[in-house]
Amino acid sequence: MKIMRYIGIFMLFIGAGFFGMLLMVPSELEYVVNEDINVPASEVFKGINDPEDMVKWMTGLKSVKQVKGDGPGVHSEYDLFYPQDMIMHRTTNVYDLDSRIVNNGEVKDFFNRIDDYTIKALDSSKTRISWKVKMKSLNMGSRMILKAEDTHKNNTAENLTALKTYLEK
Numbered sequence: 004m005k006i007m008r009y010i011g012i013f014m015l016f017i018g019a020g021f022f023g024m025l026l027m028v029p030s031e032l033e034y035v036v037n038e039d040i041n042v043p044a045s046e047v048f049k050g051i052n053d054p055e056d057m058v059k060w061m062t063g064l065k066s067v068k069q070v071k072g073d074g075p076g077v078h079s080e081y082d083l084f085y086p087q088d089m090i091m092h093r094t095t096n097v098y099d100l101d102s103r104i105v106n107n108g109e110v111k112d113f114f115n116r117i118d119d120y121t122i123k124a125l126d127s128s129k130t131r132i133s134w135k136v137k138m139k140s141l142n143m144g145s146r147m148i149l150k151a152e153d154t155h156k157n158n159t160a161e162n163l164t165a166l167k168t169y170l171e172k
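Structure below.
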C-alpha cells in the first residue's frame, strides 16, 4: 500500500512538471532573417508573392490556392497546403510594390504567423531581403512549437537560401 502512495506522489510531480513547463513556454516568438540576392528587387518581390513561385522555394509547401482577390494585392487571400493536411489561411495586409509585403497566416486553432518581407535594392542587380516573423500560439498544445526558436530561424534561413538559389539560376 505504501508503494502505491509513492507511485502516486511521483506521478503527481511528473504531471506538475509537464504543465509547469507548458506555462513557462512563451506564447509568442519573433525573429528576423536577412539574405542578399543577386537579382533586381522586382524579381525578388515576384518570387515571394507569386503562388506558383512559392511552391518552388518554400520547404514543405505542396500547393497554393487563391481564395479571394484577383491576383496579388492587399486583402488577397490564399490557402497554403502543407503535408499532413495542414492548411494555412494567409491574407496579404501590406503590398508595397517591389519594397514590402506583410502576410498574416493562421492555422486554425493552432497558431498565427505574421511574415513581414522588406525588400531593399542595394544596386541595380543586388537586393537585400529582410524577413521578420512573428508567431503566436492559439492554444496550449501549440505553445511547445514556439520553444524551438533556433529551429524556426534555421528553417526560415533555409527558405531564404532556397529562394536565392531559385531566383539566381
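One gets my numbering by counting positions in the sequence shown from 1 and adding 3 to each.
A virtual CB, placed ideally from N, CA and C, is assigned to each residue, including glycine.
Item	Value
Three CB pairs or more closer than 8 Å across the stretch 114-123 and the stretch 131-141	yes
Reduced DSSP category for Thr62 - H, G, I as helix; E, B as strand; rest coil	coil
Environment of Phe13 [buried if 16+ CB atoms lie within 10 Å]	exposed
Same chain only: Cβ atoms within 6 Å of Lys68, ignoring 5 sequence neighbours per side	Asp82
Start-to-end residues for the beta strand (DSSP E) that takes in Ile90	Met89 to Asp99
Buried or exposed by the 16-neighbour rule on C-beta atoms within 10 Å, applied to Ser127	exposed
C-alpha gap between His78 and Gly108, whole angstroms	12 Å
Pick from Ile132, Ala19 and Met57 that is closest to Asn37, judged by C-alpha positions	Ile132
Pick from Val70, Asp56, Ile6 and Glu55 that is closest to Asp91, judged by C-alpha positions	Correcting the residue type first, residue 91 is Met in the shown sequence and not Asp. Here the closest residue by C-alpha is Val70.
Cβ shell of Tyr120 (< 7 Å), same chain only, five flanking positions each side left out	Ile51, Arg103, Ile104, Ile132 and Trp134
Endpoints, the alpha helix (DSSP H) within which Ile117 is located	Premise fails: Ile117 lies in the beta strand (DSSP E), Phe114 to Asp126, not in any alpha helix (DSSP H).
Residues that DSSP places opposite Met138 in a beta bridge	Leu32 and Arg116
Ser45 - DSSP class collapsed to helix/strand/coil	helix
Own chain, CB closer than 7 Å to Leu170, minus 5 neighbours either side, in chain order	Ile40, Val42, Glu46, Val47 and Gly50
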